[in-house]
Every structure is written in C-alpha cells, then in structure tokens.
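Numbering (our numbering), first residue to last: 830 to 1260.
Since the structure comes first, as structure tokens, the remarks are kept for the end.
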Ligand SMILES: Nc1ncnc2c1ncn2[C@@H]1O[C@H](COP(=O)(O)OP(=O)(O)OP(=O)(O)O)[C@@H](O)[C@H]1O
Ligand SMILES: [Mg+2]
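Have a look at this one:
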C-alpha cells in the first residue's frame, strides 16, 4: 500500500490517562490558585474572594469573582482542555488550559458556576469530575453532583455577573490518612495565610491600581484583604532608583520591547521601621529575594534570583530589578503553563548584564557603608570598592560594545579563541 492511500486514523487521547498525567505538570497550591485568579483578572473583576475551608474530607477551596461571567456556551468551552479562543495583547491567558490543569493539580472535582447577564439571575454550572472521567474515559463535564457544596455559594451571583470556581476532593492538599485531623486543619490555615501573601505579591500592581485598568482589584482570603507587596518598596524615602532602561528585542519574527527598572533598597538602619524592613524581606528573605522580578503584562512571574546573570550574594542583597515584557514576547520568554517560570533569552541576558552589574556594584557599596557605620568608622568608601572592577562586569561591557558596534559575530570568534587559549581569563570575564 502506498503512503498516500492510508486513511487518517483517529487517535483521540484517552481522557482517563491524560487527565491523570496532566495533574502533575508542575503547579503547587499557590501557583494553581494564582492561575485561577488570573482568569478573574482577565474577566475584569474588581473583587476576588478566596475561601479555603476546612471541613475534614469535605474541605474545599472556592474563588468568587465579580468579573464578566460566562454564558452556558462560554462555560462549556472554558472547561475544554485547550479552550478555543483568541487573545488580545496583554491578556493573561495563553494556553486555554489553566482553569482545568491548575484545578485538577489540587483537587478531584472542579465546579464552575457563572452568571453573565446583568439583568437576569441566570446561573449556569458544570463540574469536571475526575471520578466521572475515570469511569467513562470520556472528555465530559456534568451537572454538579448533589453532594457538591456549590449551592452554598451561589448567592454570590445574586446581584450581578460573576464566576465561582470550586475545588472539592482536595486529595493533593489533604493527607490521605486522617483528613479530618488537626494536622489537616493546620495545613489549610497555613495555606490561607501563605495564599494571601502570595496573591498580594503576584498581583501587587493590580491591587495598587498601577496596572492599566479602570478599577483597582481587591482580593481577600478567608475574609482578610491581601495587601500589595511591592518588591521595590516605593514608600521608602531612602530607596535609590537608577534610570529606567528600555530595550528593543528582535529575534526571528518576534519583535517587542522590554523595560528594566533598577532599585537599591535602604539598608536596615535606613528603613522607616524594623517591622517594614522585615516585611520587605519577602517570602524567601533578603538574600534570596535580591535579583530580577519579571512581569508579564504586569503580573509577576519570577520573584528574585539573577537568572544566571550573576550569583546571589550577601553584599548585593539590597539590589532588586524589574523586568517587564508584554504578551507579544511570550514565545521568546518561554512562559510555562503554570506561569511560574520564564526563561530569559540569551539576547536579553546580554543586554541586561551591564546595567545589572552596575546596579549590583552600587548596592554593594550601600551595603558596605552600612557595615562600616555599624562598626563605627566614617570612611566614605573602601579603596578596593573604588578600584576593583569585577571581571564579569568588564566582560559584559565588552560584549555590549561589540553589540553596539555591530561586530557581535566577529566578537564571538574572539571569545572562542580566548576560551581555547586562556580559559581561566575567559572564565573571569564570564564568557
Ligand atoms: N473567572 C472567569 N470569568 C470569566 N471567564 C473565565 C473565567 N475563568 C475562565 N474563563 C474563561 O475560560 C477560558 C479558559 O480558561 P483557562 O484558564 O483554562 O485558559 P486561558 O485563561 O484562556 O489560558 P491559560 O491556560 O494560559 O490560563 C478563559 O479563556 C476565559 O474565557
Ligand atoms: Mg487562565
């Protein structure tokens, strides 16, 4: 038989197998929750209420928003793995997967109830139930089963449009044994607190009203407001801001702009209060919170670390930089489904090296000054800080110069030659 005569064969994936494997694509509880809130933000919500409710085996998580809501048709499409739709520039969604994959990474049953109409209280609801998928091996959603607690929450939709997302059967959150025990209760309490902090960080620009939206967003977790956590401490008068830089990036058919903001936070004694210094240290504390904060369409994706540009160092712990890109550069930054990770492309890293190293040098001298003041000396700047230039910084300056001169190809050959003849120098230059 010739190749051309083979009739196409249907290879629809096994729903049972694929939903099983999609549970493990890399979400943790916090990133899964943030992916649900992304959708609320996308739907124009001004209020998002998260409740993490302990009730033994019936413990559940519910996210209510006052966004645009969905019609029945929208809801069925929303629950399809790989929702069919187009995105505008700046929309947080990208894959048509988050609602489903984030939810089943944490629970066995996802129920969504939604109201679209401004005037009629017409609520539609559907469940994606892994037990049903397991039993039938079919890609199907069903009416919420009788035992679902979704009915306890639909009053949220009494006054206008909005959406309720409910996670039940929290098998990935609660322990297998004794889900009704004290340990499980403490775990949920602790998750509520961490979720509040995490959402306050990831969506801080929306909470502050900085992002290009008509109304600022309010998020509560178990009734308490998530306070915005802005890594650059804008209210601290002792903070130093270096000039913002903007770069045009063009790789293959992709073209866009990235913006780099650079800040040196005040040292402990220069902070407005010890409590504020503590709060601004962030979830991973000062040392590990130094570095790049990468924002995609104003939503924080990466918080800290230098992405291989340089090493995390106690001396530069006060240095933090924002890197902003728009969704037109998604492919270049390889944003992952869980929106937890970006890969900063080599072309961008090269552009960042010099300004980042400059920032870190300045942060280093603020840190040293603090150390000397604590030790009681008044010397302005240590001689070694004035004269020594970091080899990597020098290396980065040469690369930038080669780029600016349009000689990056010939420069690549120079670099290779140096690596072959004097690898120790190439190392010191960070090549
Ligand atoms: N809270 C909500 N309010 C209104 N519409 C929603 C809500 N949640 C989801 N949707 C709709 O369902 C669709 C599917 O959501 P889902 O999170 O699975 O994918 P996505 O947001 O399009 O992309 P990504 O996989 O990157 O998150 C969304 O595009 C949106 O149209
Ligand atoms: Mg989404």
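Where a beta carbon is used, it is the ideal one built from N, C-alpha and C, also for glycine.
Remember, it's a predicted structure, so these values are computed and weren't measured experimentally.
For residue 1013, same chain residues with a beta-carbon under 8 Å away, outside a window of 5 residues either side, are 883, 885, 888, 1003, 1004, 1007 in chain order.
Less than 8 Å divides the Cβ of residue 946 from the Cβ of residue 990.
With a 10 Å radius around the Cβ and a threshold of 16 neighbouring Cβ atoms, residue 941 comes out buried.
Taken from the Cβ of residue 896, every heavy atom of ligand 2 lies 7 Å or farther away. Shortest gap from the CB of residue 928 to any heavy atom of ligand 2: under 7 Å. Looking only at 1142, 1169, 1186, the smallest Cα-Cα distance to residue 1091 is reached by 1186.
Taking all protein chains shown into account, residue 980 has fewer than 16 neighbouring C-beta atoms within 10 Å of its C-beta and is therefore exposed. For residue 889, the uninterrupted beta strand (DSSP E) run begins and ends at 889 to 894, by DSSP. For residue 1128, there is no enclosing alpha helix (DSSP H); the enclosing beta strand (DSSP E) has its first and last residue at 1128 to 1132. For the options 1149, 1037, 877, the alpha carbon positioned closest to that of residue 994 is the one of 877.
Between the segment 1131 to 1148 and the segment 1098 to 1109, the count of C-beta pairs closer than 8 Å stays below three; the two stretches do not touch.
Under the criterion of beta carbons closer than 8 Å, residue 1164 and residue 1125 qualify as touching, at roughly 6 Å. Per the coordinates, the alpha-carbon of residue 1147 lies some 8 Å from the alpha-carbon of residue 1195.
For residue 1165, the distance from the CB to the nearest heavy atom of ligand 2 is not below 7 Å. Excluding the 5 residues flanking it on each side, residue 1047 has same chain C-beta neighbours closer than 6 Å at 876, in chain order. Taken atom to atom, the span from the alpha-carbon of residue 859 to that of residue 1239 is near 46 Å.
For a cut-off of 8 Å, the C-beta gap from residue 1036 to residue 881 is around 19 Å, too long to register as a contact. Residues 1040, 1127 of the same chain have their beta carbon placed closer than 6 Å to that of residue 1034, with the five preceding and five following residues left out of the count. Residue 1064 has its alpha-carbon roughly 50 Å from the corresponding atom of residue 969.
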